[in-house]
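Let me begin by presenting the structure, written as structure tokens, before commenting on it.
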Amino acid sequence: MSVERVRYPRMRALCGKALMQVIGKGLSMDKFISCFPVLAESPEGMEALRNARQQVIGFWTKAAESEFETIFKERDLETKLDQLDEIVQAARLNRQRGLDQTLEVDKLGPSDIIEGTVVTKKKEAIANLEIMKQQLVQDNDELYRELASIVKEGEDTHQDIDTMIKDLQQQVEGLRDNSAIDFSIDDLAEIYKSTA
């Protein structure tokens, strides 16, 4: 279904009408005659005043219309007013179909308005807290992984130390069991001194 776009053309027509009224009052023939009374005394002078007035009106009309166009484009009024037409037409269709769910703010009590504001603030706070929670969960997961890695390294180191201790104990036991080696620490010290 096509949307009837009426607001922008009406605004342009209204601006044109307002311009013509301003020009009609501000640049009336009486005003020209009062500005140039000597020239207005002769028929040729009156004709010249009429021509001058038409030229001034033409100039001011073009200048004002150009300024209106610039303002319309800068503010993107055509698009905005067309969107407003669409919104209004959609609202009318919804009302006709019984789908009108608009709240009439002027009929709400102060407590309803405050509650609506509070609910909005609560929803914003909940959304912010949810974001914070997600960030904390991510941070905790990262910390858990780091701690698990450190624990694994500690367990590996502990296992390596246990293995080294067992190897050392086996070597010591092997040395004790070996009857060919019967040295004491004092004997080793004596050997060291003699070589030094």
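Per the working numbering, the sequence shown starts with residue 83, numbered consecutively. All C-beta atoms, glycine included, are put in the ideal place defined by N, C-alpha and C.
Collapsed DSSP secondary structure at residue i in the structure displayed
i    : result
A262 : The predicted model places A262 with a pLDDT of 47, which falls under 50 and marks its position as unreliable; any figure quoted below should be read in that light. Correct three-state label for A262: coil.
G236 : helix
V170 : helix
V120 : coil
R227 : helix
S193 : helix
Reference residue i; option with closest CA among the options
i    : options                : result
E86  : L218, Q103, D223, L175 : L175
M128 : P91, R92, I115         : I115
Buried versus exposed, by CB contacts within 10 Å (16 or more), residue i
i    : result
L229 : exposed
L225 : exposed
L96  : exposed
L211 : exposed
L250 : exposed
L218 : exposed
Delimiting residues of the alpha helix (DSSP H) encompassing residue i
i    : result
F150 : 125-157
V104 : 89-108
F42  : Here the chain comprises residues numbered 83 to 278, so residue 42 is not present and cannot be evaluated.
is_contact[residue i, chain B] using C-beta, thresh 8 Å
i    : result
L218 : Included in the structure is just one protein chain, with no chain B present.
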